[in-house]
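Colleague:
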Amino acid sequence: MIENRKKNADEPRKPLSQFEEWQVDAGINEVLLENPVNRLTADIPDPTKRPELSKPVKNKRAKSPDISRLDNSVNMLSKITSLDELRLALSEYEGCSLKNTATNLVFSDGSENARVMLVGEAPGADEDRQGKPFVGVSGKLLDKMLLSIGLDRSSVYISNIIPWRPPGNRQPTPKEIDLCLPFIRRHIQLIKPLVLIPVGGIAAKSLLDKKEGIMRLRGRWFEYAADESDMIIPAIPTFHPAFLLRSPAQKSNAWRDLIQIKRKLTELGIE
Ligand code: URA
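Residue numbers (our numbering): 24 to 294.
1) Can you tell me which of the three DSSP states D107 falls into?
2) Pick helix, strand or coil for M140, following the three-state DSSP scheme.
3) From R269 to S101, what distance separates their C-alpha atoms?
4) For V160 and P38, what's the separation of their Cα atoms in angstroms?
5) Return the bridge partner residues of L219 from the DSSP annotation.
6) In the DSSP assignment, the beta strand (DSSP E) including N276 goes from what residue to what residue?
7) Tell me whether the beta-carbon of L267 lies closer than 9 Å to the beta-carbon of L109.
8) Taking the continuous beta strand (DSSP E) assigned at F245, which residues delimit it?
9) Give me the Cβ distance between S171 and L281, rounded to the nearest whole Å; I'm assuming they're in contact under 8 Å.
10) Should I255 go down as buried or exposed, given a rule of 16 or more other Cβ atoms within 10 Å for buried?
11) Mind checking who G191 pairs with in its DSSP beta bridge?
12) Between the C-alpha atoms of I90 and E290, what's the straight-line distance to the nearest angstrom?
13) Taking its Cβ as the centre, do 16 or more other Cβ atoms sit within 10 Å of E150, making it buried, or is it exposed?
14) State yes or no: is the C-beta of P264 within less than 9 Å of the C-beta of V222?
15) Give the DSSP-derived three-state secondary structure of G224 in the structure shown.
16) Taking C-alpha atoms, which residue in N136, V139, E144 lies nearest to V129?
17) So which of Q273, Y180, R138 has the shortest CA-CA distance to G292?
18) Below 9 Å between beta carbons: does that hold for M168 and V218?
19) Which ranges does the alpha helix (DSSP H) cover as unbroken runs of at least 4 residues, wholly within the stretch 140–210, from first to last along the chain?
20) Any heavy atom of the ligand URA closer than 8 Å to the CB of E115?
21) Have a look at the DSSP bridge pairing and note the partners of D132.
22) Where does L39 fall in DSSP's three states?
23) When you compare each of F262, I220, P271, K122 to E246 by their alpha carbons, which one comes out closest?
24) Is N98 near the ligand URA, judged by its Cβ being under 8 Å from some heavy atom?
25) What would DSSP say about T126, mapped onto helix, strand or coil?
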């Protein structure tokens, strides 16, 4: 620390030199080494030599704090019986660091009584600002897609695999997905939809535990095992609207998926 360090409490403080005062004013209040290094005469490392790597420490694998927190949250999730409790649990969850860079928790939108539930990937900038899923440009396209089969936000329920915006809209990492997956699984259990629509590859692969990409998964019906009481929900992945905005040629396939969804709703007596 650059400060008037006293060797003992009675010793008078030495005034700071002008240079030290200037450093403190500039916010430089810490030094990294005990003794100063004269950079003009110090040995300059040879850039052609490989630095020595520190040896791995045997039998000392650090236990991931995230995972232990996840264990706690998973245990706690089974006790959650309402959406308010789930929202609170997520807002208090410290296991996923995306929370630290996000402005808002993006929990859900739509009707809690809806029989159709859509699950997207993660919020973008607009969603992060408003705290609601799919309110940006891709959300507008999603609304149009839903409307084409007679659905809107009063007849569907929407959430995401990840409830916090990844910085710069990057894809969530597999670890972030693992950390958030138990929450969306509980979310689905609480909503108990009759039809589940994973929107985009990340949602499809993580909810259905598949390795194939969205090109192979879309438009096919899967059985989503919702919980221990054997609740099976028909699930049909479709393209993410953000992808459709970039690849409009795929809209005809998205339309085929929508027709299948409409058929299923009719079959189930949901108009
Ligand atoms: N994309 C998503 O997957 N979810 C949103 O909420 C917004 C954009």
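Glycine residues also receive a C-beta, built at the ideal position from the N, C-alpha and C atoms.
Modeller: According to the structure shown:
1) Three-state result, D107: helix.
2) Strand, per DSSP.
3) In a straight line, the C-alpha of R269 is about 39 Å away from that of S101.
4) Going from the Cα of V160 to the Cα of P38 covers about 60 Å.
5) In the DSSP output, where bridge partners are listed per residue, L219 has M140, A258.
6) No beta strand (DSSP E) holds N276; the alpha helix (DSSP H) holding it covers 274–290.
7) No, they are not a contact pair.
8) Counting along the chain, the beta strand (DSSP E) containing F245 begins and ends at 245–248.
9) With 8 Å as the limit, S171 and L281 qualify as a contact, their Cβ atoms being about 6 Å apart.
10) By the neighbour-count definition (other C-beta atoms within 10 Å, threshold 16), I255 is an exposed residue.
11) Paired residue(s): none; G191 is not in a bridge.
12) Confidence is the limiting factor: at I90 the pLDDT is only 49, short of 50, which leaves the residue's position unreliable, though a coordinate-based value still follows. If I take the Cα positions, the gap works out to 42 Å.
13) Taking a 10 Å sphere around the C-beta of E150, we find 16 or more other C-beta atoms and assign the residue as buried.
14) Cβ atoms of P264 and V222: closer than 9 Å.
15) Here G224 sits in helix by DSSP.
16) The candidate whose alpha carbon is nearest that of V129 is E144.
17) Measuring C-alpha to C-alpha distances from G292 to each of Q273, Y180, R138 identifies R138 as the nearest.
18) M168 is not a Cβ neighbour of V218, given a cutoff of 9 Å.
19) Correct list: 148–153, 160–170.
20) No; taking the cut-off as 8 Å, the Cβ of E115 has no heavy atom of the ligand URA nearer than that.
21) According to the DSSP secondary-structure assignment, D132 is paired through a beta bridge with I181.
22) Here DSSP, grouped into helix, strand and coil, assigns L39 to coil.
23) Answer by Cα proximity: I220.
24) Between the ligand URA and N98, a heavy atom-to-CB distance of less than 8 Å is absent.
25) In the structure shown, T126 sits in coil (DSSP, three-state: anything other than H, G, I, E or B).
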